[in-house]
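Take any residue in the sequence shown, count from 1 to its spot, add 662: that is its number in the working numbering.
From the three backbone atoms N, C-alpha and C, an ideal C-beta is built for every residue, glycine too.
Since the model is a prediction, treat every value here as computed from it, not as a measurement.
Report on one structure; see the data block that follows.
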Amino acid sequence: MQLWVLNVFIKAFHSGRVVIALVLCLLALTLWGLRVSVVAPVDIGTGVLFFLLAATLPLAAYRPTVAALGHLALFAVASFSARSPDLVTLTSGLMVTVVTAQRRYKTGVVLAVFTTLLGFYSPDKKSFSVDSQSVTIFSLMMVCAFAVGWFINTVNTKERQRHLQIRQRKAEVAGLLHDTVAADLTALIVRLEALAIATPEIEQALQKCATTARKSIGGIRALVDELNAQAINHQQATVPALTTTLIQTNRALQEAGFHVESTANISVDPGTESIDKALSRCLSEASANIIKYAVPDSMVRMTATADAKQIIVTLANTYRPGRGRAGSSHFGLVSMQRTIAAVGGNMTLDSADARWSITFHVPV
663 MQLWVLNVFI KAFHSGRVVI ALVLCLLALT LWGLRVSVVA PVDIGTGVLF FLLAATLPLA
723 AYRPTVAALG HLALFAVASF SARSPDLVTL TSGLMVTVVT AQRRYKTGVV LAVFTTLLGF
783 YSPDKKSFSV DSQSVTIFSL MMVCAFAVGW FINTVNTKER QRHLQIRQRK AEVAGLLHDT
843 VAADLTALIV RLEALAIATP EIEQALQKCA TTARKSIGGI RALVDELNAQ AINHQQATVP
903 ALTTTLIQTN RALQEAGFHV ESTANISVDP GTESIDKALS RCLSEASANI IKYAVPDSMV
963 RMTATADAKQ IIVTLANTYR PGRGRAGSSH FGLVSMQRTI AAVGGNMTLD SADARWSITF
1023 HVPV
């Protein structure tokens, strides 16, 4: 429960979906205020019903399916009781936009169809009254709402992919610096020191060269650390605890459109700073791989167990069998393996029946 509450607060500050939902909510309330003040006042019941309908818009940023069902129920009450259907119908279009912007396309279509049907219900005749002009207007409104939501989701997806590509490129550059340049400099230092022993007459000059090479390695390592920090979008000065890392991973996957089923059994957080840092990097890289290779809108299961003896974190997802990882350099997997091994842990991979799982196990 605490993990979910913290996740909600974090998403409130970082997710653009909240901003979109709040803007549309304010738009609905503004139009309602203009209608009441300019056209005609309404009774208290209608006002309360409209405010409840508008309140489902921000809720849709966190729980789109629940918000859509609640909105549909309230819309049915408004339709059957003949309570000012004009702007009430507008809120349904806004809800379709918010839901669709989160890649809940099926939910958006179902909501649009049912609200359109309910909009033609006549409480006086107790039957559905349909005419071609109204059907055209309702259909165009819902199609436009769906198109706007789809456009917002497309823009957000491209932006996320762009940032992901930048982070991956920085990680690749960091790996290249570490595995080639730093390794070559280390080999050079060893040769210089061996040569200094063999030729004492130029020992001082060779030792000076070796010292300069060591300083260069120090600069390269600092650059690698900086690139890795940027690549995992890890800008905070302190290393996050395990619970915070799980929340951040959960948020990143949800913002990418995945359904995350998270289970955490953390009786105590025994991780040292080095362990927390390693898990933070590994989970960030693992979630980036899921975003890149997993089936869109699929379920991702994340389980975490921590006690005084060990920490175990598992991520499981469905991948696309036809796509595979043939184009991958596998640098991410190698990097995670090295990172977790550096703190005495191990990484286990499992792939079967189009499901991919990765487990990080760190003895404490």
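Closest to residue i by CA distance: which of the options is it?
{"i": "residue 974", "options": "1010, 955, 769, 952", "result": "1010"}
{"i": "residue 1005", "options": "938, 964, 764, 960", "result": "938"}
{"i": "residue 966", "options": "736, 721, 923", "result": "923"}
{"i": "residue 802", "options": "863, 752, 766, 848", "result": "752"}
{"i": "residue 873", "options": "808, 854, 1014", "result": "854"}
{"i": "residue 941", "options": "968, 852, 1022, 962", "result": "1022"}
{"i": "residue 734", "options": "772, 811, 767", "result": "772"}
{"i": "residue 971", "options": "1007, 1012, 917, 740", "result": "1007"}
{"i": "residue 1000", "options": "981, 1017, 1024, 1015", "result": "1024"}
{"i": "residue 722", "options": "763, 736, 710", "result": "763"}
{"i": "residue 1026", "options": "912, 968, 1016", "result": "968"}
{"i": "residue 653", "options": "816, 779, 788", "result": "This structure leaves residue 653 out entirely; the chain is present only between 663 and 1026."}
{"i": "residue 816", "options": "952, 710, 917, 791", "result": "917"}
{"i": "residue 760", "options": "728, 784, 741", "result": "728"}
{"i": "residue 832", "options": "994, 1003, 1002, 1013", "result": "994"}
{"i": "residue 1031", "options": "767, 864, 777", "result": "This structure gives no information on residue 1031, because the portion of the chain shown stretches from 663 to 1026."}
{"i": "residue 976", "options": "954, 936, 1012", "result": "1012"}
{"i": "residue 810", "options": "732, 765, 1002, 793", "result": "765"}
{"i": "residue 843", "options": "830, 879, 859, 827", "result": "879"}
{"i": "residue 1015", "options": "981, 914, 926", "result": "981"}
{"i": "residue 936", "options": "848, 1003, 867, 823", "result": "1003"}
{"i": "residue 960", "options": "919, 814, 847, 925", "result": "919"}
{"i": "residue 881", "options": "787, 847, 852, 910", "result": "847"}
{"i": "residue 775", "options": "808, 869, 788", "result": "808"}
Mind reading off the beta-carbon distance from residue i to residue j? Whole number of angstroms is fine, and I expect it under 8 Å.
{"i": "residue 948", "j": "residue 1020", "result": "5 Å"}
{"i": "residue 904", "j": "residue 964", "result": "That pair is no contact at about 12 Å."}
{"i": "residue 912", "j": "residue 952", "result": "In fact, because the Cβ distance is near 12 Å, the residues do not count as touching under 8 Å."}
{"i": "residue 757", "j": "residue 718", "result": "6 Å"}
{"i": "residue 875", "j": "residue 850", "result": "6 Å"}
{"i": "residue 1068", "j": "residue 738", "result": "Outside the shown range of the chain (663 to 1026) lies residue 1068, about which nothing can therefore be said."}
{"i": "residue 711", "j": "residue 736", "result": "6 Å"}
What's the call for residue i, buried or exposed, on a 16-neighbour Cβ count within 10 Å?
{"i": "residue 713", "result": "exposed"}
{"i": "residue 958", "result": "exposed"}
{"i": "residue 716", "result": "buried"}
{"i": "residue 898", "result": "Low confidence applies here, because residue 898 scores a pLDDT of 42, under 50, leaving its location unreliable; read the following figure in that light. Flag for residue 898 reads exposed."}
{"i": "residue 1017", "result": "exposed"}
{"i": "residue 795", "result": "exposed"}
{"i": "residue 770", "result": "buried"}
{"i": "residue 856", "result": "exposed"}
{"i": "residue 742", "result": "exposed"}
{"i": "residue 861", "result": "exposed"}
{"i": "residue 990", "result": "Per-residue confidence for residue 990 stands at a pLDDT of 46, beneath the threshold of 50, marking its modelled position as unreliable; the derived number appears in the next sentence. Exposed."}
{"i": "residue 781", "result": "buried"}
{"i": "residue 806", "result": "exposed"}
{"i": "residue 859", "result": "exposed"}
{"i": "residue 962", "result": "buried"}
{"i": "residue 946", "result": "buried"}
{"i": "residue 943", "result": "buried"}
{"i": "residue 615", "result": "With the chain covering 663 to 1026 only, the question about residue 615 has no answer from this structure."}
{"i": "residue 997", "result": "buried"}
{"i": "residue 823", "result": "exposed"}
{"i": "residue 910", "result": "buried"}
{"i": "residue 813", "result": "exposed"}
{"i": "residue 800", "result": "buried"}
Cβ-heavy atom distance between residue i and the ligand SAM below 7 Å?
{"i": "residue 999", "result": "Of ligands this structure carries none, so the ligand SAM is not represented either."}
Runs of 4 residues minimum, wholly inside the stretch 920–1007: which ones carry the alpha helix (DSSP H) assignment?
935–955, 993–1003
Sequence ranges, beta strand (DSSP E) only - wholly within the stretch 776–831, length at least 3
none
Jot down the residue ranges of each uninterrupted beta strand (DSSP E) in the stretch 855–883, minimum 3 residues, whole runs only, in chain order.
none
Can you list the beta strand (DSSP E) stretches of 3 or more residues lying completely in the stretch 713–762, in chain order?
none
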